[in-house]
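Numbering (the numbering used here), first residue to last: 2 to 132.
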């Protein structure tokens, strides 16, 4: 019987050492857990900031795209209008050119008639004066 108490004492010392080791390990794990929890909280805040920044960038990109799409549509309309106006201008130029040629031909005919028939020239002057 005298041998049993020392064994119990050895077991008790071993158990105390084991409890101390487990306690140290538990403290270390708790510190790691606290550190990870803190870092996770920071990452959560950073993640929210990144989400806000992304949403802002997407909104800016959408406004930028909408602006250029509208500008492109307006430019397309202006190009079409320019084409139509150019066609109208060419048509007017053709009409004017045709009218000028007709007027020139009439003037040439009048000059020819005046030189050929002097009495026609006198009649034209009389008609012009009466108007």
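The beta-carbon is built from N, C-alpha and C at its ideal position, and this holds for glycine as well.
Own chain residues within Cβ distance below 8 angstroms of residue i, not counting five before or after
{"i": "residue 18", "result": "none"}
{"i": "residue 67", "result": "none"}
Neighbourhood of residue i by C-beta distance below 7 angstroms, restricted to the same chain and skipping five residues each side
{"i": "residue 64", "result": "none"}
Own chain residues within Cβ distance below 6 angstroms of residue i, not counting five before or after
{"i": "residue 81", "result": "none"}
{"i": "residue 112", "result": "none"}
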